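Numbering (the UniProt record's numbering) for the sequence shown: 1 to 132.
Here is the structure we will look at.
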Amino acid sequence: MKLDNNKHSVFLLHYHLVLVVKNRRQVFDDEISNYAKDIFERIGQSYNITIEDWNHDKDHVHVMFKAHPNSELSKFLNAYKSASSRLIKRDFPIIRNKLWKEMFWTRSFCLITTGGASIETIKQYIEKQGRK
1 MKLDNNKHSV FLLHYHLVLV VKNRRQVFDD EISNYAKDIF ERIGQSYNIT
51 IEDWNHDKDH VHVMFKAHPN SELSKFLNAY KSASSRLIKR DFPIIRNKLW
101 KEMFWTRSFC LITTGGASIE TIKQYIEKQG RK
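Rendered as structure tokens:
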């Protein structure tokens, strides 16, 4: 097992995040998902967050990411949801027709530490999303 480290600690922090589109509107396709993923990666750099795996279904995304102990997850998630909502609506204006009152994401999210299952199990779960 390869651990991450900084000047004062050694750690391995993996998280599984699920973000859902408001009212489960079916707006995600591969292009929009990749666009949202790129935004996640760019914003994540400022918070010491890196994507390990990403997948989507039509109305939500699954992300497995690594973080540092000093990563402010709630601030990162607020920044990501705000920026991605604004940029996706700007660059994919057709989506506005599918949304409710211009809201892209639900206010809530699901964030789970991945210590209870192996990383491979979670990766396999994420990779199978959207395949029915």
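Just so it is clear, CB atoms sit at the ideal spot from N, CA and C, and this is done for glycine as well.
Note that the structure is predicted; figures quoted are calculated from it, not measured.
Residues near A79 in its chain [Cβ-Cβ closer than 7 Å; skip 5 each side]: Closer than 7 Å at Cβ, skipping near neighbours: I43.
By how many angstroms is the C-alpha of T113 removed from the C-alpha of E72? Cα to Cα, E72 sits roughly 15 Å from T113.
How big is the Cα-Cα spacing for L87 and M103? The C-alpha of M103 is placed about 12 Å away from the C-alpha of L87.
Inter-residue Cα distance where the pair is R90 and A83: Near 11 Å, if we compare the C-alpha coordinates of A83 and R90.
Determine, using beta-carbon pairs with one atom in the segment 47-57 and one in the segment 95-102, whether at least three such pairs fall under 8 Å. No, because fewer than three Cβ pairs between the segment 47-57 and the segment 95-102 fall closer than 8 Å, the two stretches do not touch.
Would T106 and K22 qualify as a contact pair, given that the criterion is a beta-carbon distance under 8 Å? Yes, they are a contact pair.
What would DSSP say about A117, mapped onto helix, strand or coil? DSSP, read as helix, strand or coil, puts A117 in coil.
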